Amino acid sequence: MISFKRSVVSTSGFPGRMMPIGMLAVALTAGTSAAATITWQSPATVSSTSILDSIPSAYSGATLSQSVYFGHDTSTYSVTTPEPQTINFTHGSASYSGPSGSATELFYSGPQKISGVTNPTSDTNFNNVLLNDGWASSGHSYSPQTLQIGGLTTGTKYAIELLAFDGRSSSSARTEEFADTVNATGNNSTSFSTYTAHSVIGTFTAGASTQDVYVWQTTTGVSSWDTTVSAFTLYALPAPEPATLGMLAIGGMGLLLAGRRKKA
């Protein structure tokens with residue numbers, strides 16, 4: 191059996207991120223994993239339920255597909271937003287093992303509920319969603335915490351809002367980022383502090399029935415590998431209207447003809 195302890199090398203170009211040697215083999219064989227390119231927006235601080243309206247406010251016609259939280263509790267938490275919309279967060283599975291199957295699940299992760307910290311919002315149910323989390327510690331350092339999102343329709347565009355929070359004093363210096371590749375060499379979100387509740391939105395077009403999101407620690411000089419995911423919402427985005435596609439095609443032809451005239 192291969193031991194991953196102390197067998198680590200620095201990941202070039204990514205300060206504060208370490209990759210175990212054993213994981214290099216995982217990265218090289220990750221071509222079959224569900225990893226469409228994700229376009230990330232800047233992290234935003236979470237202070238109220240209005241953060242959950244970010245996607246439907248930005249994308250007209252967005253339809254809520256999944257709303258899942260991870261952690262110790264098993265209740266369904268209903269959160270009402272100013273939009274208004276009512277989001278029912280259901281409990282998701284967190285597993286210490288590696289990705290398997292096709293269901294939505296958080297891998298290389300254990301469930302917990304944080305206590306003894308200041309509530310990030312004034313909404314009790316939303317606080318419960320944020321205080322619960324799936325965490326990955328140094329014991330999982332051979333591979334990054336991995337969120338597998340199941341039930342996707344190939345070719346459909348989605349927007350995901352990821353929520354992360356760990357307000358314990360021991361986590362005050364910890365930062366992390368989300369990535370669309372297992373070795374974090376694809377598109378990565380901007381690094382953010384988990385000591386303050388944060389939201390990160392990403393958009394992608396499903397290339398399979400599942401999509402993987404990887405969580406990397408980015409803290410320099412912190413010995414623990416702790417990363418965390420509290421919850422996420424997933425919205426299906428409407429396809430462009432045929433009339434819109436037609437206008438885009440006409441506009442493109444016009445630019446092409448104009449270019450040809452200039453050359454003539």
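Just so you know, the sequence shown maps onto residues 191 to 454 in the numbering used here.
Ideal Cβ positions, reconstructed from N, Cα and C, are used throughout, including at glycine.
Remember, predicted model here, so these are calculated numbers, not experimental data.
Its chain contains Val236, Pro310, Leu320 and Phe355 as the residues whose beta carbon lies nearer than 6 Å to that of Ala387, once the 5 sequence neighbours on both sides are disregarded; these appear in chain order. The residues Ala396, Gly397, Ala398 and Ser399, in chain order, have a CB closer than 7 Å to that of Thr344 in the same chain once the five nearest residues on each side in sequence are set aside. Within the same chain, Gly340, Ser399 and Thr400 come within 7 Å of Ser292 by CB-CB distance, once the 5 residues on both sides are set aside. Asn378 carries a strand assignment under DSSP once its states are collapsed to helix, strand and coil.
In terms of Cβ geometry, Thr346 and Leu254 do not form a close pair [threshold 9 Å]. Ranking Gly324, Trp230 and Ser333 by CA distance to the CA of Tyr259 puts Gly324 first. Note on geometry: alpha-carbon atoms of Gly288 and Ser240 lie some 34 Å from one another.
Under DSSP, the beta-bridge partners assigned to Ile339 are Gln401. For Ile245, there is no enclosing beta strand (DSSP E); the enclosing alpha helix (DSSP H) covers residues Ser244 to Ala248. Counting the other CB atoms within 10 Å of its CB gives Tyr286 a total below 16, which places it among the exposed residues. Of Tyr267, Thr266 and Glu351, the smallest CA-CA separation from Val403 is found for Glu351.
Ranking Glu273, Ser290, Thr264 and Ala225 by CA distance to the CA of Phe279 puts Thr264 first. Looking at the DSSP output, Pro301 sits in a beta bridge with Gly324.
One alpha carbon belongs to Ala252, the other to Asp243, and they sit about 11 Å apart.
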